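Inspection log for the structure reproduced underneath, given as structure tokens.
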Amino acid sequence: MPSHYYDRPEPTLTDAYYTAAWNDLATERPVGMAEGYIPRSKVKQYGIDDLGLSGDQLDFFIRVIRRADDLYLSSKSSESSDPKMLDEVSVKDGAGMRSLLHRLAAPKGGGDRFVKRAKPKGET
């Protein structure tokens, strides 16, 4: 693990509140050719039904979740073009964990470490 992983501050209750909500709502994300945004209707319904929010509190909750979702999807789209992807993913993100593990398992300098290489002539 990178050293900065161990130096992270403890999350606040507010961080935990929104992170838990976003993780719950991520199951509502449409998946097709690529991941889509969590539907606003699902975020709103979650805020009303599960959290008992209304009015300005509900509007603020929707904005926070939408912003988190924007950041998540923009980081996912930049992963394919940025070779220095983030080394941190949620343990609930199966695809992200697989991607991280494959990157960590890859040899320095590229290539596929699981491809059986031919031995040089003269070696047995």
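So the sequence shown is residues 2 to 125, counted in this note's numbering. Ideal placement from N, C-alpha and C gives every residue a C-beta, glycine not left out. Just so you know, these numbers come straight off a predicted model, no measurement behind them.
Using three-state DSSP, classify E36 as helix, strand or coil.
strand
First and last residue of the alpha helix (DSSP H) that includes G48?
Taken as a continuous stretch (DSSP letters only), the alpha helix (DSSP H) holding G48 covers R41 to D50.
Do the region 26 to 40 and the region 62 to 71 touch if we need at least three Cβ pairs shorter than 8 Å?
yes
Can you list, in chain order, the residues of its chain whose CB lies under 7 Å from that of L26, leaving out five sequence neighbours each side?
I39, K43, V44, Y47 and I66, listed in sequence order.
Who are the near neighbours of K93 in its chain, counting only those whose CB is closer than 7 Å to its CB and skipping five residues on each side?
N24
Measure the Cβ-Cβ separation of F62 and L74 and say whether it is below 8 Å.
no
Within 10 Å of its beta-carbon, does A96 have 16 or more other beta-carbons around it, so buried, or fewer, so exposed?
exposed
What number of angstroms, rounded off, separates the C-alpha of D16 from the C-alpha of R9?
13 Å
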